[in-house]
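Under my numbering, think of the first position of the sequence shown as 128, with each following residue one higher. Quick reminder that beta carbons are idealized off the backbone N, C-alpha and C, glycines included. No experiment lies behind these values; they were computed from the predicted model shown. What follows is a set of notes on a single structure, which appears directly below.
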Amino acid sequence: MCGIVGYIGNKTIDKELVDGLKLLEYRGYDSAGVAVLKNDKIYTTKAEGNISCLEKILKNEENATVGIAHTRWATHGKPSINNAHPHISSDKEWAVVHNGIIENFGQLKNDLQHNNFTFSSETDTEVIAHLLQQLNCEDKINTVIKTCKMLEGSFALAIINKNIDGTIYLAKRKSPLYISLNNAETFVASDPICFAGKTQSYYSLNDDEFCEAKIGKLIFYNLNGETISKKPIEMTDFDIKIDKQNYAHFMLKEIQETPSILKRIVQTYKDNNAFDKINNQILKNINKIILVGCGTAYHAGLVGASFIEKFAKIEARCFVASEFRYNDPLIDDKTLAIFVSQSGETADTIMAHELAKQKGAITIALTNVLYSSLAKKVDFIFPICAGPEIAVASTKAYTAQISILNMFAKHLCNVRNNTNFNFIDSLSNLANTLKILDINCLEDISKELINEKTMFFIGRGLDYFTCEEASLKLKEITYINSQAYPAGELKHGFLALVENGTHVFVIATQKALLDKTLNGAHEASARGAKLVIATQFDIPKSQLKDIYKIISLQNFDEDLMPIASIGAFQMLSYLTSTKKGINPDQPRNLAKSVTVE
Ligand code: G6P
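Structure, rendered in structure tokens:
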């Protein structure tokens with residue numbers, strides 16, 4: 128959450144900073160701000176709202192040579208100009224932008240107030256600006272290090288000092304921060320996608336590392352203030368232009384990209400099968416597999432656990448990362464732990480990984496970002512090959528994650544039981560024939576949903592997990608209170624909520640469960656529910672009279688149906704969101720990368 132950008136060079140600084148921020152808007156869009164240094168003075172511009180609000184009031188200071196900028200997802204203090212970053216020390220010597228949470232800021236703030244510092248914001252970050260002033264010494268990087276030693280929690284910091292031209296000071300603990308340079312310019316960002324097309328390589332700061340960044344020169348330090356050397360990372364995978372093309376929104380583009388991503392997964396795993404490393408040698412000691420994630424990634428984990436138990440017959444459980452961390456999970460060196468995270472930066476997932484490692488588990492990251500904090504920590508990486516996902520609500524990454532987990536479950540079965548599943552070919556077949564549902568067929572339903580306050584998804588087995596994900600998509604971008612229920616649980620609460628005209632979406636793709644699911648659906652219909660059924664099966668005529676609408680799905684092997692069915696609901700959520708006048712790429716109060724607890 129929150130995005131940081133820094134720039135040193137001879138281009139118009141404000142513009143460079145804002146262009147960088149636009150690429151990081153997925154990290155938060157409550158407010159934005161820049162600070163630039165010109166003639167020994169720091170100039171700040173801040174705006175409430177997203178980057179376009181900042182862009183409108185930018186002064187484009189001429190002759191500025193260095194600047195830092197920030198897009199905020201509010202943690203401490205409401206979205207407002209006062210709480211927007213950069214924050215400035217009382218003596219106006221220091222400006223700082225921050226991503227993370229300073230856990231001991233209350234105590235630090237009290238101490239600073241006793242020393243007559245006054246605060247103009249409610250943020251935790253402002254303590255850093257005043258601490259820099261309080262601890263200021265001749266050696267500025269030393270001031271930064273001393274300040275960071277006082278901080279508990281997580282931070283990525285970019286800092287400028289009014290007396291030191293052409294320099295940005297950087298610090299990192301638990302929140303990501305990257306630096307890159309060419310001969311004439313130096314760039315700083317929370318995500319190296321900002322460097323694409325500008326430089327060939329970049330540096331990644333590790334926890335408790337610091338950097339003094341100048342033109343043509345980066346000096347790295349450890350917490351003791353000693354200089355350290357770091358190796359650059361070549362830019363490859365993310366060097367992709369982030370561009371909506373002709374689509375109205377990133378979300379629409381990302382949903383439509385799904386078939387081509389599945390093809391890319393097939394090709395990637397054919398060329399270099401990341402599963403091969405999970406061989407008999409490793410598996411002979413494993414008696415349990417756990418999957419851990421948040422939000423959509425958690426739902427992908429639920430589907431994955433089901434695949435693993437079905438195909439590999441290994442006990443598999445999925446956990447929400449924040450619960451896993453505090454429930455003293457029963458795992459040890461016989462556990463294989465898969466951390467599912469599109470971004471690889473979700474704080475709870477990373478902390479859950481730390482716990483699993485401490486307990487001796489073998490760990491895998493199923494991630495889209497191969498340079499992410501999570502990817503750096505795990506034993507093995509399964510890339511999801513989805514390309515940058517910008518819309519806050521995850522779509523193509525989910526479909527990619529469950530596709531890979533489907534293949535992995537079959538790989539485990541092959542290794543364990545000497546079977547011969549050709550899992551790549553079955554996904555390839557789906558990838559070549561999958562079509563994203565025609566928008567027209569969902570238009571009418573989405574028109575009806577715009578006035579709904581409550582609605583439900585019901586399903587059994589794998590379909591129940593699809594219901595959970597479909598329901599989350601709808602909540603995230605339409606703000607409709609939607610709930611998913613196992614179709615066998617309806618009598619235990621759900622039926623009390625059904626009123627005349629309540630929309631109930633029924634996902635029914637598993638033949639053995641079809642009749643039972645339809646029975647539950649008819650019970651809802653008897654209480655007034657409008658049933659919309661998504662299925663690949665022909666519904667018997669006798670059952671049709673109660674059904675309001677049918678969403679016809681393509682027919683694939685049943686274990687692939689979670690991959691084939693979710694697109695319809697991603698699209699339905701998208702259409703409903705846009706009809707309600709919501710920007711589906713940036714739903715209120717949410718952010719794509721949840722880098723704080
Ligand atoms: C946020 C995003 C979701 C995402 C979840 C987990 O809630 O808005 O789209 O599914 O975080 O993110 P991760 O990057 O760990 O998959």
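- In this structure, the alpha-carbon of lysine 341 lies about 7 Å from that of threonine 313.
- Look at which beta carbons fall closer than 7 Å to any heavy atom of ligand 1; those residues are Gly420, Cys421, Gly422, Thr423, Ala424, Val467, Ser468, Gln469, Ser470, Gly471, Glu472, Thr473, Thr476, Val519, Ala520, Ser521, Ala524, Glu603, Leu717, Ala718, Lys719, Ser720 and Val721.
- Restricted to the segment 401–488, the alpha helix (DSSP H) segments that are unbroken, complete and at least 4 residues in length are 407–410, 422–434, 448–453 and 474–485, listed in chain order.
- By the CB criterion at 7 Å, valine 633 and leucine 658 fall inside the cutoff.
- Residue pairing of valine 161 in beta bridges, as defined by DSSP: Thr172 and Ala196.
- Residue ranges of uninterrupted alpha helix (DSSP H) with 4 or more members, entirely inside the segment 238–270 and ordered along the chain, are 253–261.
- Contact annotation: the segment 188–200 touches the segment 156–164, with at least three C-beta pairs closer than 8 Å.
- When the Cα atoms are used, aspartate 251 and leucine 259 turn out to be separated by approximately 14 Å.
- Scanning Gly194, Ile272, Lys267 and Cys338 for the CA closest to the CA of glycine 293 turns up Gly194.
- DSSP places valine 393 inside the alpha helix (DSSP H), whose first and last residues are 385–398.
- According to the DSSP secondary-structure assignment, lysine 299 is paired through a beta bridge with Ala283 and Glu336.
- Under the three-state reduction of DSSP, asparagine 608 is assigned to strand.
- Taking all protein chains shown into account, arginine 715 has fewer than 16 neighbouring C-beta atoms within 10 Å of its C-beta and is therefore exposed.
- In this structure, the CA atom of asparagine 533 is about 21 Å from the CA atom of glutamate 516.
- Counting the other Cβ atoms within 10 Å of the Cβ of proline 667 gives fewer than 16, which makes it exposed.
- Beyond the five residues adjoining it in sequence on each side, isoleucine 693 comes within less than 7 Å, by CB distance, of Tyr525, Thr526, Thr593, Glu596 and Ala597 in the same chain, given in chain order.
- Going by beta carbons, isoleucine 228 and valine 723 fall inside the 7 Å limit.
- Restricting attention to Asp552, Val467, Lys461 and Tyr134, the CA atom closest to the CA of alanine 311 is found in Tyr134.
- The C-beta separation of alanine 256 from valine 223 comes to about 5 Å, placing the pair in contact by the 8 Å criterion.
- Nearest C-alpha to leucine 144 among Glu175, Gly204 and Pro213: Pro213.
- In the pairwise beta carbon analysis, the segment 453–460 is classified as not touching the segment 694–705: fewer than three pairs are separated by under 8 Å.
- By alpha-carbon distance to alanine 656, the top candidate from Glu626, Asn556 and Ala639 is Glu626.
- Boundaries of the alpha helix (DSSP H) harbouring methionine 688: 688–706, taken from the DSSP string.
- Isoleucine 135 has Val193 and Thr313 as its beta-bridge partners, per DSSP.
- Under DSSP, glycine 227 forms a beta bridge with Phe282.
- Residue pairing for isoleucine 674: DSSP places it in a beta bridge opposite Leu658.
- Two segments are said to touch when three or more pairs of C-beta atoms, one from each, lie closer than 8 Å; by this definition the segment 684–691 does not touch the segment 265–273.
- Taking phenylalanine 507 as the centre and dropping the five residues before and after it, the same chain places the C-beta of Lys404 and Ile491 closer than 6 Å to its C-beta, in chain order.
- Taking a contact as a CB-CB distance under 8 Å, the pair alanine 695 and leucine 564 counts as one, their CB atoms being some 5 Å apart.
- Put simply, of Phe402, Lys299, Glu253 and Leu239 the residue whose alpha carbon is nearest the alpha carbon of asparagine 209 is Glu253.
- If you draw a straight line from the Cα of histidine 426 to the Cα of serine 307, it comes to about 35 Å.
- With three or more CB-CB distances shorter than 8 Å, the segment 608–620 counts as touching the segment 578–589.
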